[in-house]
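Here the sequence shown stands for residues 29 to 340, where the numbers follow my numbering. Note that beta-carbon positions come from the ideal geometry of N, C-alpha and C, so glycine has one too. Small disclaimer: the values here were computed from a predicted structure and weren't measured.
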Amino acid sequence: MSTLSRTAADLFWMARYLERAESMARLVEMGARVAMLPARGVTARDEWRSVALAAGCDGYFDPEASSVDAIILGLVVDRENPSSIASCFERARANARSVRTALSVQAWESLNETWLRLDELTVSRVLHELPQVVDWVKGRCAQFRGAADATLLRDDRFEFARLGLLIERADTTLRLLDVKHFVLLPETQVVGGDPDRHRWTSILVATSALRAYHWVYRGDYSPERIVDLLLLNGSCPRSYAFCYGEIVQALEHLARLYGARHACHTSAAATLAAIGDTAIGDVFHTGLHGFLTEAIGGNNRLSREIATAYHF
29 MSTLSRTAAD LFWMARYLER AESMARLVEM GARVAMLPAR GVTARDEWRS VALAAGCDGY
89 FDPEASSVDA IILGLVVDRE NPSSIASCFE RARANARSVR TALSVQAWES LNETWLRLDE
149 LTVSRVLHEL PQVVDWVKGR CAQFRGAADA TLLRDDRFEF ARLGLLIERA DTTLRLLDVK
209 HFVLLPETQV VGGDPDRHRW TSILVATSAL RAYHWVYRGD YSPERIVDLL LLNGSCPRSY
269 AFCYGEIVQA LEHLARLYGA RHACHTSAAA TLAAIGDTAI GDVFHTGLHG FLTEAIGGNN
329 RLSREIATAY HF
């Protein structure tokens with residue numbers, strides 16, 4: 029692997045791991061909110077297991093033996109879980125250290141300080157101060173993004189990092205919807221009061237899209253509209269449509285810089301066009317789970333195509 033390819037790979041995965049850490053924090057925040065709500069036949073452990081499933085690491089936990097505390101700790105601080113917040117920060121910092129000269133001083137120091145403070149995430153603090161821990165994680169990720177956006181040149185290095193963030197964000201949104209739609213769909217007929225409202229809005233809270241939903245739909249929560257916002261609305265920064273609009277732009281910039289186009293360019297453009305031609309009614313008519321499964325698979329293929337095109 030050439031030096032250029034190693035740099036591209038490290039920047040791509042640094043950004044993916046940072047986005048994964050923040051996404052995990054958002055999922056944990058959602059789990060804590062929803063687990064406190066009453067529900068027929070659904071226990072707190074069931075809710076936390078759904079969080080692990082949405083994070084793609086449910087196989088790490090024993091479904092029969094894992095307690096709520098064990099799941100929370102496994103998602104936040106357990107270094108044995110490669111998708112835990114602590115593991116993601118460690119991997120992001122390792123990737124960043126390998127390409128330190130490709131980052132600005134401000135971006136590197138922001139990430140390195142986060143890594144240095146990981147020991148503050150003790151078991152006791154996570155279990156007793158979970159909301160504060162979640163806010164700290166989201167704040168550290170936002171600080172890095174702010175430093176990077178304000179100081180990095182808009183060159184190929186920036187685009188590789190941007191692609192990593194967007195691929196990971198699209199994956200998280202798709203997986204979250206796929207896990208939670210089984211809870212939402214049975215409640216489409218009747219609004220069942222505050223518990224139902226909180227469950228419906230938990231996805232919007234996890235994606236920081238609650239205010240955006242109000243601006244677009246003026247309240248009136250329904251699964252169809254929540255899915256429409258997070259799948260097909262290109263103005264929502266954590267939506268599938270927004271991510272692919274930005275992915276196409278980043279890949280087009282790389283094509284101009286390198287003077288070559290690859291399979292990833294065709295795939296991303298085709299996906300964006302397909303999103304634009306899709307109506308939310310068609311998604312629910314043909315099956316939301318099938319649509320999301322296909323989209324997750326396509327997103328994974330695109331990640332592999334990007335790696336192949338740029339030799340990492």
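{"Asked": "How many whole angstroms separate the CB atoms of A175 and A135, which I take to be in contact at a CB cut-off of 8 Å?", "Found": "5 Å"}
{"Asked": "Does DSSP classify M64 as helix, strand or coil?", "Found": "coil"}
{"Asked": "Report the residue ranges of all alpha helix (DSSP H) runs contained in full by the stretch 82-113; include only those spanning at least 4 residues, in chain order.", "Found": "96-104"}
{"Asked": "For E57, I'd like the list of residues in its chain whose CB is within less than 6 Å of its CB, leaving aside the five on either flank, ordered along the chain.", "Found": "V162"}
{"Asked": "As a quick exercise: from C271, A114, M64, S115, pick the residue whose alpha carbon is nearest that of V8.", "Found": "Because the chain spans 29 through 340 in this model, residue 8 falls outside it and cannot be assessed."}
{"Asked": "Assuming F117 contacts L146 (C-beta within less than 8 Å), just tell me the rounded distance between them.", "Found": "6 Å"}
{"Asked": "Considering only the alpha carbon of each residue, which of L282, V127, A72 lies closest to D38?", "Found": "V127"}
{"Asked": "Is the number of C-beta pairs between the stretch 305-317 and the stretch 240-255 that are closer than 8 Å three or more?", "Found": "yes"}
{"Asked": "If you draw a straight line from the C-alpha of S331 to the C-alpha of Q160, how long is it?", "Found": "33 Å"}
{"Asked": "Nearest-angstrom Cα distance between G309 and L131?", "Found": "44 Å"}
{"Asked": "For T321, which residues in the same chain have their Cβ closer than 8 Å to its Cβ, ignoring the five residues on either side in sequence?", "Found": "D206"}
{"Asked": "Terminal residues of the continuous alpha helix (DSSP H) containing P15?", "Found": "With the chain represented from 29 up to 340, any question about residue 15 goes unanswered, as that position is not in the structure."}
{"Asked": "Could you give the residue range of the alpha helix (DSSP H) that holds Y241?", "Found": "238-245"}
{"Asked": "From A288, F172, I100, pick the residue whose C-alpha is nearest to that of E157; which is it?", "Found": "I100"}
{"Asked": "Looking only at C-alpha atoms, which of F188, C271, R239 sits nearest to Y286?", "Found": "F188"}
{"Asked": "Alpha carbon to alpha carbon, what distance is there between R119 and L139?", "Found": "11 Å"}
{"Asked": "Within 10 angstroms of the Cβ of T200, are there 16 or more other Cβ atoms? Answer buried if so, exposed if not.", "Found": "buried"}
{"Asked": "With H, G and I counted as helix, E and B as strand and the rest as coil, what does DSSP make of C264?", "Found": "coil"}
{"Asked": "Going by DSSP, what residue range makes up the alpha helix (DSSP H) through D310?", "Found": "308-314"}
{"Asked": "Would DSSP call R145 helix, strand or coil?", "Found": "coil"}
{"Asked": "Does the Cβ of V165 lie closer than 7 Å to at least one heavy atom of the ligand ADP?", "Found": "With respect to small molecules bound, the structure shown includes none, and the ligand ADP cannot be examined in it."}
{"Asked": "Within 10 angstroms of the Cβ of W243, are there 16 or more other Cβ atoms? Answer buried if so, exposed if not.", "Found": "exposed"}
{"Asked": "Specify the secondary structure class of G220 as computed by DSSP and reduced to three states.", "Found": "In this prediction, G220 scores a pLDDT of 43, lower than 50, which makes its location untrustworthy; no coordinate-derived value is stated."}
{"Asked": "The alpha helix (DSSP H) spanning S152 covers which residue range?", "Found": "151-156"}
{"Asked": "Which value, in whole angstroms, describes the spacing of the CA atoms of L180 and Y338?", "Found": "20 Å"}
{"Asked": "With a threshold of 16 other CB atoms inside 10 Å of the CB of P214, please say whether the residue is buried or exposed.", "Found": "Any reading at P214 is ruled out, since the residue's pLDDT is 47, under 50, leaving its predicted position unreliable."}
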